[in-house]
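For the sequence shown, the positions run 377 to 798 when my numbering is used. Here's the structure, in structure tokens; my notes come after.
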Amino acid sequence: YSSTTDSTATETQTGTEPSDTTTTEGSATTKKVVTTTTKKKYSKPDTGEELRGVWVAYMELDAIFKGKTMAQVEQVKSEIDTIMIKAKGYGLNAVFFHVRSHSNAYYISDIFEPAAKAKALIEGGFDPLEYAVDAAHSRGLEIHAWVNPYRIGASSNFPKSAHFKGFKENEDYFKSDGNYFYNPASDKAINLIVSGIEEIVNNYDVDGVHFDDYFYRAVPVSSPAAYEQALYNKYKSGGGKLNIGDWRREKVSELIKKSYTAAHKRSDCVFGVSPSANVAKNRDEYYADVEKWMKNKGYLDYICPQVYFGFKHKTWAFDKTVDSWAEMERHDSVRLYIGLALHKIGTVNDQHARSEEGKSEWKTYDDIMKRSLLYVRSKPECGGVIFFRYEFFMASQMKESSSWIKEIAVREVENLLSVLRP
């Protein structure tokens with residue numbers, strides 16, 4: 377999962393100053409009562425139950441599955457149970473469970489190869505997602521299937537499946553910095569990704585399907601990349617009028633719309649995206665038109681920008697960044713959640729914070745997560761939070777490192793739980 381938002385948030389923050397608020401504290405399961413002194417143009421109060429989610433990333437799953445065979449399946453089940461037990465104990469009500477990180481599957485799939493670390497278990501008949509769904513639901517937790525749509529990884533040896541028939545390198549997929557990715561403009565790739573979502577919602581009682589911030593990689597602004605040339609030429613020769621940037625945005629939006637439709641084939645299943653917090657960079661470099669998706673029904677049920685900043689960040693202060701998202705126009709059907717940087721607690725040097733005060737913020741304060749949660753709760757437009765990521769709730773069990781201060785991190789978690797738990 378990417379925390380590159382910091383290093384790529386290059387535009388000047390334009391959010392307004394926070395409005396004056398009066399907040400009445402309640403339990404973690406109750407929304408705050410908030411009175412605002414100003415009415416924003418697109419203010420849209422959230423009326424649903426507060427979402428308190430956590431990302432469980434493939435690295436955490438691999439740590440469970442590595443080296444395990446069916447002989448150790450009961451141990452694996454116990455460790456998945458532990459994730460859900462701890463999540464419930466922390467006061468969370470939703471788990472975003474990685475099911476596809478690199479064109480693979482952490483479940484029994486007819487389309488994708490098993491994730492490498494889980495292969496022995498999956499080929500032995502154990503289905504991690506099936507077990508996780510039951511483990512979550514039995515404890516009153518939602519479980520959302522987290523998918524990286526475009527990332528393939530270091531190998532381009534696709535499975536011998538009809539879904540991959542005719543895939544061409546430098547047209548349907550490409551190599552960049554030693555890793556392979558699907559071309560977002562490839563209809564074959566789009567159809568494959570959507571087929572994977574349909575497979576999940578048809579076979580598992582998931583509460584949602586979730587994408588994160590991986591869209592286009594670095595590409596020329598005004599001309600096609602080498603892997604785009606053939607498809608863009610075909611589009612233009614067929615009468616297409618869009619310039620290269622708008623064409624890219626349209627193809628990403630096509631995937632989002634089709635993914636939304638696929639997810640909704642299961643009753644009560646939602647679809648959402650967790651993009652970078654930088655709207656302009658989403659639009660102009662990642663070609664993710666989040667404003668379009670938020671304004672129009674049929675793309676998203678929720679959006680969860682990764683606001684992975686402290687309050688002292690020079691250009692992307694947490695409160696002002698949340699304000700800017702809260703003020704964006706949204707369709708009535710789209711909820712706004714905020715992604716929180718639990719992985720930064722105790723960090724010695726937040727090198728992208730652009731001020732000395734910002735760089736040292738995470739080692740100076742032990743209540744940034746607590747204040748972040750309370751600030752989100754003070755915004756009537758926001759419906760909840762998702763924490764990146766699960767293992768950082770267990771800071772007390774993590775190893776010491778020169779890059780973070782364990783004592784600060786432990787206190788951060790304690791302070792957060794004091795307001796997160798019911």
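All residues carry an ideal CB built from backbone N, CA and C; glycine is no exception.
Same chain only: Cβ atoms within 8 Å of residue i, ignoring 5 sequence neighbours per side
i	result
Ser629	Asp665, Lys668, Trp669, Tyr675
Tyr636	Phe647, Gly674, Tyr675, Leu676, Asp677
Leu631	Pro525, Pro560, Ile566, Ile569, Val570
Leu749	Leu716, Val761, Leu792, Val795, Leu796
Pro575	It is worth fixing the name first, because residue 575 is Glu in this sequence and not Pro. If we look at Glu575 and ignore the five residues flanking it on each side, its Cβ neighbours are Ser485, Asp486, Ile487.
Lys415	Low local confidence applies: a pLDDT of 41 at Lys415 is under 50, so the model's placement there is unreliable, and no value is given.
Nearest neighbour of residue i, chosen from the options [CA to CA]
i	options	result
Arg428	Thr723, Gly734, Cys680	Cys680
Leu437	Asn524, Tyr590, Tyr766	Tyr766
Glu626	Val449, Met435, Tyr662, Leu505	Tyr662
Phe550	Asn654, Ala606, Lys782, Phe685	Ala606
Ala639	Trp623, Val523, Val471	Val523
Met460	His707, Gly501, Glu518, Asp503	Glu518
Lys544	Ala602, Gln773, Asp503	Ala602
Ala439	Asn480, Ala492, Gly584, Glu790	Ala492
Lys746	Val786, Gln773, Asn725	Val786
Val683	Val655, Ile714, Lys671	Ile714
Ser779	Gln773, Lys720, Glu733, Ser613	Lys720
Ser643	Ser700, Asp699, Asn579, Asn672	Asn579
Arg659	Asn533, Val597, Ser613	Val597
Close beta carbons around residue i, own chain, < 7 Å, minus the five adjacent residues each side
i	result
Gln727	Lys735
Leu618	Glu626
Lys420	Arg706, Glu757
Gly554	Ala530
Ala463	Val430, Val471, Leu517
Residue i to residue j span [Cα, whole Å]
i	j	result
Tyr611	Gly529	28 Å
Lys453	Asp622	46 Å
Val509	Cys645	13 Å
Tyr558	Pro535	14 Å
Arg515	Ser731	43 Å
Tyr483	Ser777	34 Å
Ala771	Gly686	19 Å
Ala656	Gln451	46 Å
Spatial neighbours of residue i in its chain, beta-carbon cut-off 6 Å, leaving aside the 5 residues before and after
i	result
Pro600	Tyr608, Ile620
Ala496	Thr445
Val595	Ala601
Leu653	Correcting the residue identity first, residue 653 is Ala in this sequence and not Leu. Cβ within range, chain order: Thr381, Pro681, Gln682, Val683, Thr697.
Buried or exposed (CB count within 10 angstroms, at least 16 for buried), residue i
i	result
Arg604	Reading off the sequence, residue 604 comes out as Glu, not Arg. Under this definition Glu604 is a buried residue.
Asp589	buried
Pro651	buried
Gly760	buried
Pro490	buried
Asp548	buried
Pro504	buried
Ser552	exposed
Ala447	exposed
Asp422	buried
Identity of the residues DSSP links to residue i by a beta bridge
i	result
Tyr678	Gly648, Arg711
Leu716	Phe763
Leu427	Gly760
Gly529	Tyr556
Thr723	Trp780
Val432	Phe473
Interface flag, residue i vs chain D, CB-CB below 7 Å
i	result
Glu776	In the structure shown, chain D cannot be found, because there is only a single protein chain.
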